[in-house]
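Worksheet: one structure, shown below.
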Amino acid sequence: MGIRRTLAAVAGLLLAAVTHAATLPAGFSETRIASGITGPTAMAVAPDGRIFVAQQTGALRVIRDGVLLSQPFVTLSTNTLGERGLLGVALDPNFATTPYVYLYYTSPTAPPRVNRVVRFTASASNPDVAAAGSELQLIELSPLSTAYIHNGGALAFGTDGKLYIATGDNSDSANAQSLNVTHGKLLRINPDGSIPEDNPFLGQTTGVNQAIWARGLRNPYTFAIDRTTGRIHVNDVGQDAWEEVNHVVAGANFGWPQTEGFTPGGAAGVRYPAYVYANAGTNCAIVGAAFYRPTVSQFPTAYAGRYFFGDYCSGFIRTLSPPAYSAATGFATGIAGLVDIETGPDGSLYYLGRGNGGELYRVQYTANSAPSISEQPVSVSVSAGQPATFTVSASGVQPLAYQWLRNGAPISGATQSSYTIPSTTAADNGALLSVTVTNPYGSITSNAATLTVLSNGVPNATIVSPVSGTMYRGGQTVTFSGSATDPEDGTLPASAFTWRVDFHHDDHTHPHLPETSGITNGSFTIADRGETSANVFYRLILTVRDAQGLTNTTFVDIQPRTSVVTLTSNIPNAQLTLDGVPVTAPHTFTGVEGIVRTIGAVSPQVSGGVTYQFGSWSDGGAQSHDLVTPTDDTTYTATLQSGGQSALFQDDFESARGWVRTPGANTATSGLWQRGDPQPTTQNGVTLQPDNCAGGVACMITGLTASVNAGVNDIDNGLTSMQSPSITLPSGRTVTLTFRYFLAHIDTATSADYFRVRAVGSDGVPVTLFQKAATSSNVGAVWRSQSVNLSRFAGQTITLRFEAADSTSNGGTVIEAGFDDVAVRAN
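Read in the numbering used here, the sequence shown has 590 at position 564, and its numbers run on one by one without any break.
Right under this line is the structure:
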C-alpha cells in the first residue's frame, strides 16, 4: 500500500465518508457491528465471539456482544507516520486456555526505528484487558529507513503452530530478494520468538534473518492460512500493474522486483501468483484475507474453502474457489476503505473498513427473509437554513423499497435510501426521522433519528499557512497554522482545532499525519522515500468545532516540484534498473524533487553480440546507488565497456557482506566501526557526524549512535580497523579502488589522528594506500570521493583495511569517520 500503495493504499487510503450498505449476493445481508474505530488496520476474532481490532495509533480495541468497549485491551506507543503504527494482531491457536495476543507495530523512536512483534496475556480477572507486566518482545525486525510505507504487518498462526509474519520491503525493492534483511518477506517463528529448526534459509542466514520463510514480496499487507489444509495465501500489493494472491511454500521466491504479476514470464526460480488482477482504474491495493473454514458453517456449501480478498480503493470483495484458486467471483461491492476480512466461529463473515470513521460489519446468509438494517439513521444537528440529510443502509433480498417517516407519518416522495431537508427552519427542531425498508419477504422500520436545528451560526476555519499554491520537495518540513472564529463564540481556542494531512496518489489517498487536535499550528515532514510517482500531492485539512458542535472544514493542497530524469548509456538499449526494476535505456521519468531513487546498471550484459561490463555512472556513483531527484532536468549516463572494466568487488553496506573488525587491530576504547544509519552529532556548530550515508541508508561509521555530548561515541584512545572479504585481482590489468569517506574533528586534533586505507596482499604485510591526517582545527563531516590504484597487487588475493585513529598523545579528542560505496574494478 505503498499499500502501494498499503496502509494507504491501506492504512490507508483514507476515503471520504460515504454511508451506504455494501451490495451483496442474493440471500446475504449485513449488519454494522461497530463504528467510530479510528484508523483500523487489522482484526482477529476470538473463539468466544469477541473481536480484537487494531487501531493504527496503537490501541487494540475489543468488541464484545456488538459493543465497542471504551477501554482498550492495551495501548502501545508507536510511530504513526504514513503506513507505520499498530498493523497486525493474532490470537494464540489455543486462545481459550492460553489467552495470548500477538501484535505487530512500529517502534515510536529511533535509533533504530523498527517493526517488532510482541505478546500480551489477557488478564485473568478481566479478559478484555491485558495483564499488567505481561508484555513479551518476540522479534525485532531489520531497521527501517526514512520511508514511511511498505511495512506489511499481518500476523497469523499456521496449522504447524508457528507464527507467520508478513513484512514489506520498506520501499527499497532490493530488500525483497536479500537474505540479509527481514524486509519484503514472510517470516516464521515459534510462539516464544525463537527460530524453528526447519526454516528454509537457516544455513544461509544469521540472527533474525533465520526467520525468513519466503521472499520476493513488495508489500504483503494481509495474508491468511487455511486451518483445514494449511494452505497459505499472501496478498502482495503491486506497483504499477498487478495485485497478487500468492500460494506460499517454504523457501518460495515471488520475484519482486524482477517480476510483478505474471510479467515477465519464465524468470528462473520465481514462484508466480495463483491469481492476479490489474490495479487499473479505481483498483489500487489488495487487502483482506480469509479462508471460509468456520467452526460452524452458515454460508451455502459452495463457499466451503473459498478464499475471500478485496481492494482498498475499489471497495470490492471477491472469492477464489478451491482447488486451484485461480479464478475470481464477485461477492460484495461498495465498501469504504476495506482493510481486513475474517470469518467468525458462528460462520459469519466480518469485514473492517477505514471509511466513515472506521466500521466493522458482519455478513450473514439470510435467504428468503425480511430486510435487515445494517446502518441506522444518525441524529443530525445543523444551523437554521442548512440542509439536513438522513441515510439508512439496509441489506437483504432485492428489490428493497424505502419510505421515510417524520414523527411516524410517511413523507411524500421520500422513497430513497437517503432523505434530505434542503433548508431547515426552527419548526424542524426536534423532528424524528425514521424509514421503513421492505422487500418481498417483509419489512423493517429503523430507529428514529432526531433533527436538532440550532440558532447559532457555523464557525469559520481559515488555514493561514501554507497558502494555496505552496510547492514542496522530498524531505522538506512544512509548517502550518490556522485561525477560527464563530458568530457566537468569537475566536475559537486551540481545543476546537483538528488537523490532518493526507497524501494523494492517483485517485486514492495515503494517511500522512493522523488527526491531531488541540493545536493551532505545527509542522510535518514530507517523506523523501516511498511513493515514486509524480502524480501526487499533500492535502492539509483543518476542521474546527464550536461550542454547540457545529463544524467547518477547509483544506489547502501542497503540490510537488518535479523534474525530468533520463537514464541513458553509451551503448544502444542498455539494460538498467530503476528502484530495482529493469528498464531499457534511454528511460525517462518525471519525479518529485528530493525523492530518493535507486539506479543501477546490469553487468555483465550483451549488446550486438558483445559482452559489456559496468564502468561508471556520470554522477560518480557505484553500479547501483541512490540519487536524490534533482531540482533540474538531469541525465545520468551509465558507461559500459566491452571486455574492459569489470567490477571485482562492490559494497554499498545496505546489507552485511562479510566485513569484520580486523582481528587484534582494534585498540580504541570507543568508536569502533559499525554498519548502520548514522545519527548526527555537532559541537560548537560543527557537524562531526552527518545524518546520512554517502548512498543509501547504511554505511560504516565510528560513532553510529549519537549522544548529547558529541565526544561520547567517537573514536577514543586508539585505532579501529575494519577488514573486507578477500578480493582476487586479475593479472595484467589496471585495478582501481574507489570509495567515499569523511574525517571530522575538533581543534584539539593533531596529525597523529587520521583516516587511512591499507591493503594486505599475498605477503601478509599491510600497505598504506591512502591516509588523511587531521589538523588542529574544527573540520566538519563532508563525504568525499577517493580513487586509488591497486595495480601493484595484480594477480594477488587481497583484503582491504579501513582504519581511523585517535592518538593517545593528545589525551583523546573528538574524532569521527565513515566510509561507504567501496568498489574495486579492473580495466
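Glycine included, C-beta positions come from ideal geometry on N, C-alpha and C.
| Buried or exposed by the 16-neighbour rule on C-beta atoms within 10 Å, applied to Tyr-467 | The Cβ neighbour count for Tyr-467, taken over all protein chains shown within 10 Å, is under 16; the residue is labelled exposed.
| For the beta strand (DSSP E) that Ser-469 lies in, which residues bound it at each end? | 468-471
| How about Ala-150 and Phe-99: are their beta carbons less than 8 Å apart? | In this structure, Phe-99 does not lie closer than 8 Å to Ala-150 by Cβ.
| task | Sort Ala-278, Phe-335, Ala-237, Val-607 by Cα distance to Tyr-301 and report the nearest one. | result | Phe-335
| Applying the criterion that 16 or more other CB atoms from any shown protein chain within 10 Å of the CB defines a buried residue, is Thr-254 buried or exposed? | exposed
| message | I need the DSSP call for Gln-486, collapsed to helix, strand or coil. | response | It is worth fixing the name first, because residue 486 is Asn in this sequence and not Gln. DSSP places Asn-486 in strand when its eight states are reduced to three.
| query | Who are the near neighbours of Ala-192 in its chain, counting only those whose CB is closer than 6 Å to its CB and skipping five residues on each side? | reply | In its chain, beyond the 5 residues on either side, Gly-178, Ala-180, Leu-212, Pro-246, Phe-249 have a beta carbon closer than 6 Å to the beta carbon of Ala-192.
| message | Given this structure, state the Cα-to-Cα distance separating Ser-438 from Ala-427, to the nearest angstrom. | response | 14 Å
| query | Going by beta carbon distance, what residues of the same chain come within less than 6 Å of Ile-841, once the five residues before and after it are set aside? | reply | Asp-740, Ile-741, His-771, Asp-779, Asp-832
| Where does Ser-668 fall in DSSP's three states? | strand
| field | 6 Å CB neighbourhood of Ile-258 in its chain, flanking five on each side removed | value | Excluding residues within five positions, the ones whose Cβ falls inside 6 Å are Ile-251, Val-274.
| task | Give the straight-line distance between the Cα atoms of Thr-774 and Ser-696, rounded to the nearest whole angstrom. | result | 18 Å
| field | Contact check, Thr-776 vs Leu-816, beta carbons under 8 Å | value | no
| task | Run through the stretch 524-572 for me and flag every whole beta strand (DSSP E) of 3 or more residues, listed as ranges in chain order. | result | 534-543, 547-551, 562-571
| task | Answer yes or no: does any C-beta atom of chain D fall closer than 8 Å to that of Thr-801? | result | In summary, chain D is missing from the structure at hand, where a single protein chain is found.
| query | Among Ser-55, Thr-49, Pro-519, which one has its Cα closest to the Cα of Tyr-391? | reply | Ser-55
| query | Rounded to a whole number of angstroms, what is the C-alpha to C-alpha distance between Leu-94 and Ala-627? | reply | 54 Å
| Apart from the five residues on each side of it in sequence, which residues of its chain come closer than 8 Å, Cβ to Cβ, to Thr-135? | Asn-105
| task | Output yes or no for whether 8 Å exceeds the beta carbon distance between Ile-708 and Ala-843. | result | Looking at the sequence provided, one finds Thr at residue 708 rather than Ile. In this structure, Ala-843 does not lie closer than 8 Å to Thr-708 by Cβ.
| field | Euclidean distance between Cα positions of Gly-556 and Asp-528 | value | 15 Å
| query | Given 8 Å as the limit, is there contact between the stretch 156-175 and the stretch 106-126, that is, 3 or more CB pairs closer than that? | reply | yes
| message | the ligand FMN and Thr-794: does the residue's C-beta get closer than 7 Å to at least one heavy atom of that ligand? | response | This structure lacks the ligand FMN, and indeed carries no ligand of any kind.
| query | For the candidate residues Phe-146, Arg-214, Asp-154, whose alpha-carbon lies nearest to that of Gln-163? | reply | Phe-146
| When the Cα atoms are used, what is the spatial distance from Pro-751 to Asn-225? | 27 Å
| request: Have a look at the DSSP bridge pairing and note the partners of Pro-608. | output: Thr-603
| said: Pull the bridge partners of Gly-379 from the DSSP assignment, please. | reply: Leu-364, Glu-385
| field | Length of the line joining the Cα atoms of Ala-42 and Ile-221 | value | Only weak support exists for where Ala-42 lies, its pLDDT of 29 falling under 50; the value from the coordinates is given anyway. So the two alpha carbons sit approximately 43 Å from each other.
| field | In DSSP terms, what Ser-398 is bridged to | value | Ser-421
| message | Quick check for students: name the residue ranges of the beta strand (DSSP E) that lie wholly in the stretch 129-177, counting only runs of 3 or more. | response | Counting only runs of 3 or more, we get 141-147, 162-166.
| task | Can you check the stretch 764-830 for any beta strand (DSSP E) of at least 3 residues that lies completely inside it and give the ranges in chain order? | result | 780-786, 792-799, 810-815
| Given that a residue counts as buried once 16 or more other Cβ atoms are within 10 Å of its Cβ, and exposed if not, what is Ala-573? | exposed
| Reduced DSSP secondary structure (H/G/I, E/B, other) of Ile-29 | Confidence at Ile-29 is low in this model, with a pLDDT of 43, below 50, so the placement of that residue should be treated as unreliable; the coordinate-derived value is given next. Ile-29 falls in the coil class under three-state DSSP.
| query | In the DSSP assignment, what are the bridge partners of Ile-343? | reply | Gly-336, Ala-358
| message | On the DSSP letters alone, give me the boundaries of the beta strand (DSSP E) that Glu-270 sits inside. | response | 268-274
| request: Classify Ser-352 as helix, strand or coil using the three-state DSSP reduction. | output: coil
| said: Based on DSSP bridge pairs, tell me the residues matched to His-651. | reply: Ile-625
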